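Down below is the structure, laid out as structure tokens.
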Amino acid sequence: MPYEERPHLSKRRAEDDLLRKTALRDPAALAELHGCFADPVYSLAYKMLQNHEEAEEVLQDVFVRVWKRSVTFDPQKSSAFTWVIMITRGLSLDRLRYRSR
């Protein structure tokens, strides 16, 4: 099946391209990434933390980190979505560890 007929692959390519543009410091690309990923990022953070305020803070921290570290994204290792979700998971785990102190 040709690439154009695989909508999930073209979506992945578009998201990966947005992350590459973010690495070039394109604020519009970051805003578009936020539009694509904010709901699943918030949902995961809330599921892990069970706290709306902390989930909102993680959401903000994730996109700050995406902005700062987008140059490290490697599409050969993961999709943009997976990369962003792993950042979310890590920041949420950090908050849970901090709580347990």
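Just so we're aligned: the sequence shown equals residues 50 to 150 in the numbering used here.
For glycine and all other residues, C-beta sits at the position ideal for the given N, C-alpha and C.
None of these values were measured; they are calculated from a predicted model.
Contact the segment 97-111 vs the segment 60-69: 3+ CB pairs below 8 Å: no
Touch test, the segment 133-140 against the segment 111-121, Cβ-Cβ under 8 Å, three pairs minimum: yes
Status (buried if at least 16 other CB within 10 Å, exposed otherwise) for residue 119: In the sequence shown, residue 119 corresponds to position 70, counting from 1. Buried, because 16 or more other Cβ atoms sit within 10 Å of the Cβ of residue 119.
Buried versus exposed, by CB contacts within 10 Å (16 or more), residue 131: Residue numbering aside, residue 131 sits at position 82 when the sequence shown is read from its first letter. So residue 131 counts as exposed.
Euclidean distance between Cα positions of residue 101 and residue 147: As a working mapping, residue 101 is identified with position 52 in the sequence shown. As a working mapping, residue 147 is identified with position 98 in the sequence shown. Residue 101 and residue 147: Cα-Cα distance of roughly 17 Å.
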